[in-house]
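Chemist: Structure provided below as structure tokens; questions to follow.
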Amino acid sequence: MTDPISDEGQDVVGVLTAHVESYFGMELAQLKAAVVAAPTVNPGATDVVRWHGLLVEAQSVLDRAEDDLLAALETQPDEVDDPTLGLAHRVNAAVVVRDGRAQVLQWLLDPDAPGRKDLAAKRLTRSNGPAVQTSAPPRPASSLPSASPATGRVLR
Numbered sequence: 000m001t002d003p004i005s006d007e008g009q010d011v012v013g014v015l016t017a018h019v020e021s022y023f024g025m026e027l028a029q030l031k032a033a034v035v036a037a038p039t040v041n042p043g044a045t046d047v048v049r050w051h052g053l054l055v056e057a058q059s060v061l062d063r064a065e066d067d068l069l070a071a072l073e074t075q076p077d078e079v080d081d082p083t084l085g086l087a088h089r090v091n092a093a094v095v096v097r098d099g100r101a102q103v104l105q106w107l108l109d110p111d112a113p114g115r116k117d118l119a120a121k122r123l124t125r126s127n128g129p130a131v132q133t134s135a136p137p138r139p140a141s142s143l144p145s146a147s148p149a150t151g152r153v154l155r
């Protein structure tokens, strides 16, 4: 018999993996290889691969926490002891981490998500240099105060 909780978690990873593959038009293994070969060519792909890896890692931690909790519950009498309650809290925390990483990955795959256009603009600016002048423009010589060479004081 399969564990319905773990199946649900694998569905989260499976659904997002399918979304990544559809978004980039290639298998995840190919995408990972492309990112490893040239990580700066497509920063979006690099971010997606990184967050997908973090999601898979979080799912693995969650699976282990669930297994530990189920094993502890099988040995419990009617009341749950403090160590088992601690395992339940560990499962809850792992779910939060996994779901947060899933949300980040969904956001990265949604070009219309709030803030995505701003992020794309920042990346473009970073890759092409500053879009605006970052230092004050030089003032014309006539508007600059002149200094007396002998005293170093400003003459008006």
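With numbering that gives the first Met the number 0 applied, the sequence shown covers 0 to 155.
Cβ atoms here follow ideal geometry from the backbone N, Cα and C, with glycine treated the same way.
Note that this is a predicted model, so its numbers are computed, not measured.
#1: Nearest-angstrom Cα distance between residue 50 and residue 62?
#2: So residue 12 and residue 53 are supposed to be a Cβ contact under 8 Å. How far apart are they, rounded?
#3: In angstroms, rounded to a whole number, what distance separates the CA positions of residue 80 and residue 86?
#4: Relative to the C-alpha of residue 22, which residue among 36, 35, 44 is closest?
#5: Just to confirm my understanding: we take residue 117, look at its own chain, exclude 5 residues before and 5 after, and list those with CB closer than 8 Å. What are they?
#6: In the structure shown, what three-state DSSP assignment does residue 91 receive?
#7: Which residue comes first and which comes last in the alpha helix (DSSP H) that contains residue 56?
#8: Out of 64, 25, 10, which one is the CA nearest neighbour of residue 82?
#9: Classify residue 98 as helix, strand or coil using the three-state DSSP reduction.
#10: For residue 16, tell me which candidate among 111, 107, 42, 84 has the shortest Cα-Cα distance.
Modeler: So, from the data block:
#1: Rounded to the nearest angstrom, the two C-alpha atoms are 18 Å apart.
#2: With a beta-carbon spacing of about 11 Å, residue 12 and residue 53 fall beyond the 8 Å limit used to define contacts.
#3: Rounded to the nearest angstrom, the two C-alpha atoms are 10 Å apart.
#4: It is 44 whose Cα lies nearest to the Cα of residue 22.
#5: Taking C-beta separations shorter than 8 Å and ignoring five residues to either side along the sequence, residue 117 has no partners in its chain.
#6: In the structure shown, residue 91 adopts helical secondary structure according to DSSP, grouped into three states.
#7: Here the alpha helix (DSSP H) through residue 56 covers 42-74.
#8: Ranking 64, 25, 10 by Cα distance to residue 82 puts 64 first.
#9: Three-state DSSP puts residue 98 in a helix.
#10: Nearest option by C-alpha distance: 107.
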